[in-house]
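Residue numbers (this note's numbering), protein chains in the order written: chain C, 414 to 630; chain L, 414 to 630.
Glycine included, every Cβ here is placed at the ideal spot set by N, Cα and C.
First up is the structure itself, then whatever we jot down about it.
This is the structure:
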């Protein structure tokens with residue numbers, strides 16, 4: 414398809430597409446003449462992904478480029494490629510107390526370790542602090558502890574198991590896609606776009622359950 | 414306990430506690446002399462909640478006051494009191510395109526309606542657009558549609574059911590608390606503090622599942 418059609422099908426303005434091309438967020442089209450290039454479904458898919466990262470993820474161009482670098486790195490195994498792409502996405506900020514490891518963080522690390530062993534999540538346990546997602550979890554638990562809220566591994570394990578069931582569905586969905594590139598792109602898009610859906614479903618389920626237990630009056 | 418002990422047990426500086434007292438975020442202590450007041454476990458609990466909203470939720474004082482107004486409103490039934498308090502918390506912003514209801518939003522509303530009917534979530538369906546959480550879900554789905562990602566009610570229903578299981582655990586936990594005020598306070602604190610934990614558990618579960626399926630290399 415030509416640039417005009419790519420613009421129409423994606424809903425992204427031609428000038429914006431040209432900007433993405435210049436910034437290297439979108440690979441060049443297939444040259445058909447000195448002034449015309451042709452774009453395929455891969456371009457459309459990539460354009461949607463870039464749009465999701467910039468519009469919904471509110472990510473700066475440099476960070477988008479970094480994520481795409483991992484998405485396109487065929488030298489990596491699938492877990493690492495997926496992990497690298499997802500790890501480069503924005504995360505909950507770690508507490509900016511600048512004091513390095515405090516008491517609450519150390520306690521949180523122990524609690525998360527215990528939880529992962531209980532669950533038998535051996536990779537998550539082995540990767541440990543190498544994984545930014547692991548660090549986010551420790552930071553979130555440290556905040557609970559610091560504010561005096563109780564942390565209870567027995568209470569948490571069933572939550573973790575439910576989130577594992579969610580993750581199994583995520584990966585099943587990713588696997589419905591054919592090419593390796595599509596799989597990784599889908600995982601990145603789903604992580605950005607799907608998180609708000611899941612969060613809203615959670616809050617809506619709380620409302621529904623509350624109404625069932627206590628009524629509406 | 415005296416102010417000094419309240420400060421020590423909560424980890425909140427005396428000057429900050431005095432500020433919260435002046436701003437009405439913390440009820441006054443029980444006067445024991447012209448210059449001394451006494452604080453109880455309820456003050457400590459409320460102080461932790463205020464801290465969670467301001468530090469973790471990054472909420473302005475006026476919004477904290479509004480949430481606490483709902484928490485303390487004993488004239489409301491539990492679902493409404495809970496709902497009002499949680500609805501006043503910050504949410505994912507609705508898309509600021511300022512064009513009012515566009516095509517994608519209308520389509521998203523239909524899809525969410527269909528999903529809720531499939532699930533049998535009758536309260537969520539009846540409350541519909543009255544609930545800010547419902548509006549957040551419609552907005553998140555509209556974003557998916559606008560960016561050209563498929564929305565599939567069959568794909569979503571099991572996710573919603575898993576989030577319902579999460580919500581059942583949430584309310585079970587809230588019910589372990591004794592007084593009505595504690596129940597509502599716990600629900601608010603959990604919504605703010607627990608969301609990052611759940612999100613990190615989800616991402617960590619994806620890593621774990623990915624490593625199980627594809628290995629680490």
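Residue i and residue j closer than 9 Å at C-beta
i	j	result
residue 477 of chain L	residue 419 of chain L	no
residue 424 of chain L	residue 440 of chain L	no
residue 483 of chain L	residue 597 of chain L	yes
residue 602 of chain L	residue 465 of chain L	yes
residue 451 of chain C	residue 415 of chain C	yes
residue 468 of chain C	residue 560 of chain L	yes
residue 555 of chain C	residue 599 of chain C	no
residue 537 of chain L	residue 621 of chain C	yes
residue 618 of chain C	residue 587 of chain L	no
residue 614 of chain C	residue 573 of chain L	yes
residue 532 of chain C	residue 591 of chain C	no
residue 547 of chain L	residue 525 of chain L	yes
residue 604 of chain C	residue 499 of chain C	yes
residue 551 of chain L	residue 570 of chain L	no
residue 461 of chain C	residue 562 of chain L	yes
residue 593 of chain C	residue 458 of chain C	no
residue 422 of chain L	residue 623 of chain C	no
residue 489 of chain L	residue 463 of chain L	no
residue 535 of chain C	residue 616 of chain L	no
residue 474 of chain L	residue 516 of chain L	no
residue 612 of chain C	residue 431 of chain L	no
residue 493 of chain L	residue 575 of chain C	no
residue 486 of chain L	residue 501 of chain L	no
Distance cut-off 8 Å: residue i Cβ against heavy atoms of the ligand NAD
i	result
residue 522 of chain C	The ligand NAD is absent from the structure shown, which contains no ligands of any kind.
Chain-ordered neighbours of residue i on chain C, where CB pairs are closer than 7 Å
i	result
residue 576 of chain L	611, 614, 615 and 618
residue 627 of chain L	490, 491 and 492
residue 624 of chain L	492 and 536
residue 449 of chain L	Within 7 Å Cβ-Cβ: nothing; residue 449 of chain L doesn't reach chain C, min ~24 Å.
residue 465 of chain L	560
residue 553 of chain L	609, 610 and 613
According to DSSP, residues forming a beta bridge with residue i
i	result
residue 443 of chain L	L/451
Three-way DSSP call (helix, strand, coil) for residue i in this model
i	result
residue 534 of chain C	coil
residue 582 of chain C	helix
residue 623 of chain L	helix
residue 415 of chain C	coil
residue 425 of chain L	coil
residue 563 of chain C	coil
residue 501 of chain L	coil
residue 628 of chain C	coil
residue 591 of chain L	coil
residue 524 of chain C	helix
residue 550 of chain L	helix
residue 438 of chain L	coil
residue 544 of chain C	coil
residue 514 of chain L	coil
residue 509 of chain C	Below a pLDDT of 50, predicted positions are generally treated as unreliable, and residue 509 of chain C, at 48, falls in that range; no measurement from the model is reported.
Interface residues of chain C facing residue i [CB-CB closer than 8 Å]
i	result
residue 481 of chain L	Ordered by position in chain C, no residue passes the 8 Å Cβ test against residue 481 of chain L, which lies about 16 Å from the chain.
residue 416 of chain L	Here the premise fails: no neighbours, minimum Cβ distance about 17 Å.
residue 550 of chain L	610, 613, 614 and 617
Contact set between residue i and chain C, taken where Cβ atoms lie within less than 9 Å
i	result
residue 423 of chain L	560 and 561
residue 419 of chain L	Neighbours of residue 419 of chain L on chain C: none; closest Cβ ~12 Å, over 9 Å.
residue 568 of chain L	582 and 586
Cross-chain neighbours of residue i in chain L, by beta carbon under 8 Å
i	result
residue 584 of chain C	619, 622, 623 and 626
residue 496 of chain C	620 and 623
Partner residues on chain L for residue i, Cβ-Cβ distance less than 9 Å
i	result
residue 358 of chain C	This structure does not reach residue 358 of chain C, given that chain C is present from 414 up to 630, and the question cannot be answered.
residue 434 of chain C	In chain order: nothing, as chain L lies at least about 19 Å away.
Amino acids of chain L, ordered along the chain, whose beta-carbon sits closer than 7 Å to that of residue i
i	result
residue 572 of chain C	579, 582, 611 and 614
residue 556 of chain C	469 and 606
residue 544 of chain C	620
residue 439 of chain C	The contacting residues do not exist; residue 439 of chain C stays about 15 Å from chain L at best.
residue 547 of chain C	617
residue 602 of chain C	562
Any alpha helix (DSSP H) of 4 or more consecutive residues that is wholly inside the region 459-490 of chain C: DSSP runs (the alpha helix (DSSP H)) wholly in the region 459-490 of chain C: 474-484.
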